[in-house]
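Enquirer: What follows is a single structure, and I will ask about it in a moment.
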Amino acid sequence: MIRLITVATLAIAPAVASAAPEPVTYECERGARVPVLYVNGVDPTLAILLVDGNLVALPRTPAASGSRYVDGEAGYLWYIKGDDARLQWIDAETGDVLSLLNECRAIHQR
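Positions -19 to -1, 1 to 91 (mature numbering (1 follows the signal peptide of the UniProt record, and there is no 0)) are the ones given, in order, by the sequence shown.
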């Protein structure tokens, strides 16, 4: 997680100069973990995820409820509501949505 924060912060250093990144790790089905760095204070707000060994920066987009982060080019959709989250992939050609990770829950450090 520390490595994700360091790499992500360096990658977007100009954008986060006045922002306060917020790291959160989610535990999903099958024991999968998704480290996410939320960058608030920039426009648009970003969620930077580590997906399959790659950093993916997703801008926040309007959502009816919760928060939705999506990048049509990357194809990923990260949706959170409270402590719950899910990761999906959108096929650019067909528009089909494939669920990659469901039932993700934020892990709170004690």
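Beta carbons are placed, not taken as given, at the ideal position from N, Cα and C, and that holds for glycine.
Could you check whether Leu82 and Ala13 sit closer than 8 Å to each other, using their CB atoms as the reference points?
Expert: yes
Enquirer: According to DSSP, is Glu10 part of a helix, a strand, or is it coil?
Expert: helix
Enquirer: Which residues does DSSP list as the beta-bridge partners of Asn21?
Expert: Ala1
Enquirer: Is the beta carbon of Ile88 closer than 8 Å to that of Trp7?
Expert: Position check: residue 7 holds Tyr in this sequence, whereas Trp was assumed. Taking 8 Å as the Cβ cut-off, Tyr7 and Ile88 qualify as a contacting pair.
Enquirer: Would Ala66 be called buried (16 or more neighbouring beta carbons within 10 Å of its own) or exposed?
Expert: buried
Enquirer: For Gln90, which of helix, strand or coil comes out of DSSP?
Expert: coil
Enquirer: Can the beta-carbon of Val17 be found less than 8 Å from the beta-carbon of Val5?
Expert: yes
Enquirer: To the nearest angstrom, how far is it from the Cα of Leu31 to the Cα of Pro43?
Expert: 22 Å
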